[in-house]
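Trainee: Residue numbers (our numbering): 12 to 206.
Dropping the structure here:
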(Lines of atoms letter the chains of each structure in order from A; the text may use other names.)
(Lines give C-alpha, C1' and ligand atoms only; values in the text may rest on other atoms or scores of the structure.)
Protein backbone atom coordinates (compact mmCIF):
# COMPACT_ATOMS: atom_id res chain seq x y z
CA UNK A 12 0.00 0.00 0.00
CA UNK A 13 1.08 3.55 -0.73
CA UNK A 14 -0.20 6.53 1.25
CA UNK A 15 -0.76 9.53 -1.02
CA UNK A 16 -1.15 12.95 0.56
CA UNK A 17 -2.77 15.42 -1.83
CA UNK A 18 -1.95 19.01 -0.94
CA UNK A 19 -4.88 21.28 -0.19
CA UNK A 20 -3.55 23.78 -2.72
CA UNK A 21 -4.70 21.40 -5.46
CA UNK A 22 -8.32 21.82 -4.33
CA UNK A 23 -9.56 23.99 -7.20
CA UNK A 24 -7.39 22.48 -9.92
CA UNK A 25 -7.81 19.74 -12.51
CA UNK A 26 -4.77 18.00 -11.07
CA UNK A 27 -6.88 16.17 -8.48
CA UNK A 28 -8.84 14.45 -11.26
CA UNK A 29 -5.61 13.60 -13.06
CA UNK A 30 -4.11 12.07 -9.91
CA UNK A 31 -7.27 10.12 -9.08
CA UNK A 32 -7.38 8.77 -12.64
CA UNK A 33 -3.71 7.77 -12.41
CA UNK A 34 -4.42 6.01 -9.11
CA UNK A 35 -7.38 4.14 -10.59
CA UNK A 36 -5.27 3.00 -13.54
CA UNK A 37 -2.43 1.74 -11.34
CA UNK A 38 -3.93 -1.66 -10.46
CA UNK A 39 -0.71 -3.13 -9.05
CA UNK A 40 -0.85 -1.15 -5.82
CA UNK A 41 -3.37 -0.32 -3.09
CA UNK A 42 -3.63 3.34 -2.16
CA UNK A 43 -4.80 5.35 0.81
CA UNK A 44 -5.44 8.97 -0.18
CA UNK A 45 -5.29 11.76 2.40
CA UNK A 46 -6.40 15.25 1.43
CA UNK A 47 -5.16 18.49 2.94
CA UNK A 48 -7.41 21.21 4.26
CA UNK A 49 -7.35 23.45 1.20
CA UNK A 50 -9.33 26.67 1.30
CA UNK A 51 -11.08 25.44 4.46
CA UNK A 52 -7.81 25.42 6.41
CA UNK A 53 -6.74 28.74 4.88
CA UNK A 54 -9.94 30.41 6.09
CA UNK A 55 -9.36 28.98 9.58
CA UNK A 56 -5.88 30.53 9.64
CA UNK A 57 -7.38 33.93 8.82
CA UNK A 58 -10.29 33.53 11.22
CA UNK A 59 -7.96 32.61 14.08
CA UNK A 60 -6.13 35.92 13.68
CA UNK A 61 -9.40 37.85 13.80
CA UNK A 62 -11.18 35.92 16.55
CA UNK A 63 -8.00 35.17 18.55
CA UNK A 64 -8.86 31.58 19.45
CA UNK A 65 -6.11 29.22 20.59
CA UNK A 66 -4.12 26.76 18.48
CA UNK A 67 -5.98 23.73 19.82
CA UNK A 68 -9.30 25.06 18.52
CA UNK A 69 -7.68 26.04 15.21
CA UNK A 70 -6.12 22.57 14.92
CA UNK A 71 -9.50 20.89 15.48
CA UNK A 72 -11.13 23.16 12.91
CA UNK A 73 -8.34 22.54 10.40
CA UNK A 74 -8.91 18.79 10.71
CA UNK A 75 -12.60 19.45 10.06
CA UNK A 76 -11.44 21.40 7.01
CA UNK A 77 -9.60 18.29 5.81
CA UNK A 78 -12.83 16.33 6.31
CA UNK A 79 -14.82 18.89 4.30
CA UNK A 80 -12.34 18.73 1.43
CA UNK A 81 -12.43 14.92 1.59
CA UNK A 82 -16.23 14.98 1.49
CA UNK A 83 -16.11 17.25 -1.55
CA UNK A 84 -14.06 14.55 -3.30
CA UNK A 85 -16.39 11.77 -2.13
CA UNK A 86 -19.37 13.71 -3.49
CA UNK A 87 -17.73 13.55 -6.91
CA UNK A 88 -16.29 10.02 -6.79
CA UNK A 89 -18.22 7.08 -5.37
CA UNK A 90 -15.71 4.27 -5.86
CA UNK A 91 -13.65 4.88 -2.71
CA UNK A 92 -13.78 2.91 0.51
CA UNK A 93 -13.82 5.41 3.37
CA UNK A 94 -11.36 4.75 6.18
CA UNK A 95 -11.77 6.69 9.42
CA UNK A 96 -9.23 4.94 11.66
CA UNK A 97 -5.97 3.06 11.45
CA UNK A 98 -7.78 0.03 12.90
CA UNK A 99 -10.29 0.22 10.03
CA UNK A 100 -7.39 0.60 7.61
CA UNK A 101 -5.72 -2.56 8.87
CA UNK A 102 -8.89 -4.53 8.01
CA UNK A 103 -8.68 -3.31 4.41
CA UNK A 104 -4.90 -3.30 4.08
CA UNK A 105 -4.47 -6.36 1.88
CA UNK A 106 -7.41 -5.75 -0.42
CA UNK A 107 -6.89 -3.92 -3.71
CA UNK A 108 -9.13 -1.00 -3.01
CA UNK A 109 -9.13 2.73 -3.47
CA UNK A 110 -9.12 3.96 0.10
CA UNK A 111 -9.70 7.51 1.25
CA UNK A 112 -9.10 8.70 4.81
CA UNK A 113 -11.86 10.67 6.52
CA UNK A 114 -10.06 12.59 9.28
CA UNK A 115 -11.30 13.31 12.78
CA UNK A 116 -9.59 15.09 15.65
CA UNK A 117 -10.08 12.02 17.86
CA UNK A 118 -8.20 9.78 15.44
CA UNK A 119 -5.43 12.35 14.90
CA UNK A 120 -4.95 12.52 18.70
CA UNK A 121 -3.92 8.85 18.60
CA UNK A 122 -0.75 9.90 16.78
CA UNK A 123 0.43 12.18 19.63
CA UNK A 124 1.08 15.11 17.33
CA UNK A 125 1.22 18.71 18.56
CA UNK A 126 -2.10 20.57 18.35
CA UNK A 127 -0.84 23.66 16.51
CA UNK A 128 0.09 24.93 13.06
CA UNK A 129 3.46 23.13 13.17
CA UNK A 130 1.36 20.09 12.24
CA UNK A 131 -0.70 20.09 9.06
CA UNK A 132 -2.02 17.31 6.87
CA UNK A 133 1.61 16.64 5.83
CA UNK A 134 2.52 15.43 9.33
CA UNK A 135 -0.78 13.60 9.75
CA UNK A 136 -0.09 11.68 6.52
CA UNK A 137 3.45 10.95 7.74
CA UNK A 138 2.07 9.58 11.03
CA UNK A 139 -0.44 7.36 9.24
CA UNK A 140 2.13 6.00 6.78
CA UNK A 141 4.52 5.34 9.66
CA UNK A 142 1.85 3.55 11.69
CA UNK A 143 1.18 1.10 8.85
CA UNK A 144 4.77 1.07 7.55
CA UNK A 145 3.79 2.17 4.05
CA UNK A 146 5.62 4.48 1.67
CA UNK A 147 4.38 8.06 1.52
CA UNK A 148 3.95 10.17 -1.60
CA UNK A 149 3.32 13.88 -0.94
CA UNK A 150 1.88 15.87 -3.86
CA UNK A 151 2.48 19.63 -3.77
CA UNK A 152 1.54 22.52 -6.06
CA UNK A 153 5.06 23.84 -6.45
CA UNK A 154 6.95 22.79 -9.55
CA UNK A 155 10.09 20.73 -9.19
CA UNK A 156 11.49 17.46 -10.46
CA UNK A 157 10.41 14.33 -8.63
CA UNK A 158 12.61 13.80 -5.60
CA UNK A 159 13.34 10.39 -4.20
CA UNK A 160 14.71 11.91 -1.05
CA UNK A 161 13.81 15.04 0.83
CA UNK A 162 16.47 17.69 1.06
CA UNK A 163 17.06 21.14 2.50
CA UNK A 164 15.28 22.85 -0.40
CA UNK A 165 11.95 21.47 0.80
CA UNK A 166 12.67 21.96 4.47
CA UNK A 167 13.91 25.57 4.30
CA UNK A 168 11.16 26.89 2.03
CA UNK A 169 8.24 25.70 4.17
CA UNK A 170 6.97 23.40 1.44
CA UNK A 171 6.33 20.90 4.22
CA UNK A 172 5.14 21.75 7.72
CA UNK A 173 7.61 22.26 10.58
CA UNK A 174 6.82 19.02 12.42
CA UNK A 175 7.23 16.98 9.22
CA UNK A 176 10.53 18.69 8.47
CA UNK A 177 11.88 17.81 11.91
CA UNK A 178 10.55 14.24 12.11
CA UNK A 179 10.51 12.63 8.67
CA UNK A 180 14.04 11.30 9.12
CA UNK A 181 12.84 9.13 12.04
CA UNK A 182 10.34 7.32 9.82
CA UNK A 183 11.57 4.02 8.36
CA UNK A 184 9.36 4.09 5.26
CA UNK A 185 10.27 5.62 1.91
CA UNK A 186 8.99 9.15 1.34
CA UNK A 187 8.77 10.91 -2.01
CA UNK A 188 7.75 14.47 -2.79
CA UNK A 189 6.29 15.18 -6.21
CA UNK A 190 4.98 18.16 -8.14
CA UNK A 191 1.26 18.26 -8.94
CA UNK A 192 1.86 17.79 -12.67
CA UNK A 193 3.75 14.47 -12.36
CA UNK A 194 0.66 12.24 -12.13
CA UNK A 195 1.84 10.33 -15.20
CA UNK A 196 4.87 9.12 -13.17
CA UNK A 197 2.80 7.34 -10.49
CA UNK A 198 3.60 3.81 -11.69
CA UNK A 199 7.33 4.61 -11.81
CA UNK A 200 7.23 6.16 -8.31
CA UNK A 201 5.42 3.12 -6.88
CA UNK A 202 7.89 0.77 -8.56
CA UNK A 203 10.74 2.69 -6.92
CA UNK A 204 9.02 2.39 -3.52
CA UNK A 205 8.95 -1.41 -3.71
CA UNK A 206 12.29 -2.12 -5.43
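C-beta: ideal position from N, C-alpha, C; glycine also.
1) Is the separation between the beta-carbon of residue 182 and that of residue 137 shorter than 9 Å?
2) Hey, is the segment 88-105 in contact with the segment 137-147, meaning 3+ C-beta pairs nearer than 8 Å?
3) I'd like to confirm the pairing. Which residues does DSSP put opposite residue 130 in its beta bridges?
4) Count the other CB atoms, across all protein chains shown, that sit within 10 Å of the CB of residue 118; report buried if there are 16 or more and exposed otherwise.
5) Where do the ends of the beta strand (DSSP E) carrying residue 67 lie?
6) In chain order, what residues of the same chain lie with their CB nearer than 6 Å to the CB of residue 72, ignoring the 5 residues before and after it?
7) In chain order, which continuous runs of the beta strand (DSSP E) of length 3 or greater are located wholly inside the segment 27-66?
8) With DSSP as the reference, label residue 171 as helix, strand or coil.
9) Per DSSP, which residues does residue 21 bridge with? Please list them.
10) Could you spell out the range, first to last residue, of the alpha helix (DSSP H) harbouring residue 93?
11) Could you give the distance in angstroms between the alpha-carbon of residue 42 and the alpha-carbon of residue 35?
12) Taking 9 Å as the threshold (C-beta atoms), are residue 204 and residue 185 in contact?
13) Check the C-beta distance from residue 27 over to residue 110 and give it rounded, since I have them as a contact under 8 Å.
14) Is DSSP giving residue 143 helix, strand or coil here?
15) Alpha carbon to alpha carbon, how far is residue 123 from residue 134?
16) Just how far apart, CA to CA, sit residue 70 and residue 112?
17) What do you reckon, are the CB atoms on residue 130 and residue 64 nearer than 9 Å?
Mentor: According to the structure data:
1) Working through the chain shown from its first residue, we reach residue 182 at position 171. Working through the chain shown from its first residue, we reach residue 137 at position 126. Their beta carbons are under 9 Å apart, which means residue 182 touches residue 137 by this criterion.
2) yes
3) For the purposes of this step, residue 130 is identified with residue 119 of the chain shown, where counting begins at 1. The partner list for residue 130 (beta bridge, DSSP) is empty, contrary to what the question assumes.
4) Translated into the one-based positions of the chain shown, residue 118 becomes position 107. That one is buried.
5) Position 56 of the chain shown, counting from 1, holds the residue named residue 67. Premise fails: residue 67 lies in the alpha helix (DSSP H), 66-87, not in any beta strand (DSSP E).
6) As a first step, residue 72 is located in the chain shown; it is residue number 61 there, counting from the start. Once the five neighbours on either side are set aside, the close Cβ partners of residue 72 are 55.
7) 42-46
8) By 1-based counting over the chain shown, the position of residue 171 is 160. It is coil, neither helix nor strand.
9) Here residue 21 refers to the residue found at position 10 when the chain shown is read from its first residue. Beta-bridge pairing links residue 21 to no other residue.
10) Here residue 93 is taken as the residue at index 82 of the chain shown, counted from 1. Premise fails: residue 93 lies in the beta strand (DSSP E), 92-94, not in any alpha helix (DSSP H).
11) Residue mapping note: residue 42 aligns to position 31 of the chain shown, counting from 1. Residue mapping note: residue 35 aligns to position 24 of the chain shown, counting from 1. About 9 Å.
12) Mapped onto the chain shown, residue 185 falls at position 174. Mapped onto the chain shown, residue 204 falls at position 193. Yes. Within cutoff.
13) Counted from its first residue, the chain shown places residue 27 at position 16. Counted from its first residue, the chain shown places residue 110 at position 99. Going by Cβ atoms, the distance from residue 27 to residue 110 rounds to 16 Å, so no, they are not a contact pair.
14) Within the chain shown, residue 143 is the residue found at index 132, counting from 1. Coil at residue 143, not helix or strand.
15) What you label residue 123 is simply residue 112 of the chain shown in a count that begins at 1. What you label residue 134 is simply residue 123 of the chain shown in a count that begins at 1. Roughly 11 Å separates the two Cα atoms.
16) The residue you call residue 70 lines up with position 59 of the chain shown. The residue you call residue 112 lines up with position 101 of the chain shown. For residue 70 and residue 112, the distance between alpha carbons rounds to 17 Å.
17) Numbered from 1 along the chain shown, position 119 holds the residue referred to as residue 130. Numbered from 1 along the chain shown, position 53 holds the residue referred to as residue 64. Going by C-beta atoms, residue 130 is not nearer than 9 Å to residue 64.
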